[in-house]
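One structure below.
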Amino acid sequence: MKIGYFQFNPFYHNITKNYEYISSHVSRISADLIVLPELALSGYLFNSDQEVQACAETIPGPSSDKFMTLAKKNQTAYIYGCIEKADPYTASTDGKAACYNSSVYINPQGEMKIYRKAHLFNREKIYFKQGNDPFFVFDFQGTTIGMLICFDHMFPEAARTLALLGAQIICHPANLVLAGYAQATTLARSIENQIFWILANRIGTEDCGSVTCTYTGGSQITAPDGSVLISSSRELEELQVVDIDPSLALNKSISKRNHVFEDRRTDLYQV
Ligand code: ACM
68 MKIGYFQFNP FYHNITKNYE YISSHVSRIS ADLIVLPELA LSGYLFNSDQ
118 EVQACAETIP GPSSDKFMTL AKKNQTAYIY GCIEKADPYT ASTDGKAACY
168 NSSVYINPQG EMKIYRKAHL FNREKIYFKQ GNDPFFVFDF QGTTIGMLIC
218 FDHMFPEAAR TLALLGAQII CHPANLVLAG YAQATTLARS IENQIFWILA
268 NRIGTEDCGS VTCTYTGGSQ ITAPDGSVLI SSSRELEELQ VVDIDPSLAL
318 NKSISKRNHV FEDRRTDLYQ V
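The opening residue of the sequence shown carries number 68 in this note's numbering; numbering runs sequentially from there.
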């Protein structure tokens with residue numbers, strides 16, 4: 068299975084331009100699954116609810132429709148980060164549509180899954196509702212996939228839950244600002260769960276007037292044996308694909324007498 072990511076610098080608050088940029092680049096490469104960064108369609112920083120709402124879309128909506136067409140045309144599944152405007156039934160009582168920091172999976176068969184970020188980071192808590200759906204996995208070409216977003220990597224329980232549900236690959240769109248953390252944690256999550264991990268981070272600097280963020284790149288794909296199969300620089304745009312055997316993530320035995328799930332001492336984990 069050919070899996071990859073596109074590390075790039077999204078245009079600030081410009082969904083149309085970001086979609087066009089992504090589609091023109093990812094269409095140049097043959098892959099089964101490509102992961103894009105968190106909030107890849109909008110950029111990350113916001114100054115007001117109005118700015119957030121202006122970059123939000125329902126799902127299905129205009130951008131997911133375009134990704135659906137792209138997935139069919141390229142015979143590639145995509146996972147991209149965006150602001151999801153919830154339907155009116157889950158709108159907040161203050162009259163604003165609830166917005167989630169979401170990741171969308173779309174495959175060439177037209178199937179779609181949405182993951183709403185569970186662990187919000189810093190100013191995201193001002194503008195986004197936190198996801199409250201239980202973590203879930205899904206099948207892609209006979210391989211079980213799970214999704215997390217950026218700061219979720221700091222909570223080993225999230226990755227462990229996906230792995231216990233059967234995830235062989237965790238897809239992880241990110242807008243990381245703390246250099247070095249996620250490269251270490253996601254490698255550890257790969258090893259401790261014996262899974263593959265696609266970390267798709269962004270690059271560039273954003274300034275929304277009140278706050279400046281520099282994103283730290285360093286996207287990478289890690290394997291159950293602890294190897295880093297591909298890694299990217301902190302500053303450069305990179306589209307990378309690697310061929311993996313996802314069945315390697317089915318074996319949880321790391322010695323004759325050790326199985327990373329069966330050896331867990333849940334009887335001692337009291338807190
Ligand atoms: C982050 O969760 N975007 C740091």
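C-beta atoms are modelled at their ideal positions from N, C-alpha and C, and glycine is treated no differently.
Item checked: Per-residue burial, E224 [other beta carbons within 10 Å of its own, 16 or more giving buried] -> Label assigned to E224: exposed.
Next item on the list: Could you tell me how far apart the beta carbons of E304 and Q120 are, in whole angstroms, since I believe they sit closer than 8 Å?
Entry: Rounded, the Cβ-Cβ distance is 29 Å, inconsistent with contact.
Item checked: Buried/exposed call for V93, threshold 16 Cβ in 10 Å -> It counts as buried.
Check: Is the shortest distance between the beta-carbon of K84 and the beta-carbons of chain B less than 8 Å?
Finding: You won't find chain B in this structure, because it holds only one protein chain.
Check: Can V102 be considered in contact with ligand 1, in the sense that its beta carbon sits closer than 7 Å to one or more heavy atoms?
Finding: Answer for V102: no, Cβ out of range of ligand 1.
Item checked: Spatial distance of D154 from I288 (CA atoms) -> Roughly 34 Å separates the two Cα atoms.
Next item on the list: Measure the Cβ-Cβ separation of M68 and I297 and say whether it is below 8 Å.
Entry: The answer is no: Cβ separation not under 8 Å.
Item checked: 4-residue-minimum alpha helix (DSSP H) runs that sit fully inside the stretch 203-261, ordered along the chain -> With a minimum length of 4 residues, the continuous alpha helix (DSSP H) runs that stay inside the stretch 203-261 are 223-231, 248-260.
Check: Mind checking T328: buried by the 16 CB within 10 Å criterion, or exposed?
Finding: With the sequence shown as reference, residue 328 is identified as Phe, and Thr is not the correct amino acid for it. The residue in question, F328, is exposed, as its Cβ has fewer than 16 Cβ neighbours within 10 Å.
Notebook entry, point to check: Under the rule that 16 or more other beta-carbon atoms within 10 Å means buried, what is H239, buried or exposed?
Noted result: H239 comes out buried.
Next item on the list: Take the Cβ of A246 as the centre, count every other Cβ of all protein chains shown within 10 Å, and call the residue buried at 16 or more, exposed below.
Entry: By the 10 Å Cβ count, A246 comes out exposed.
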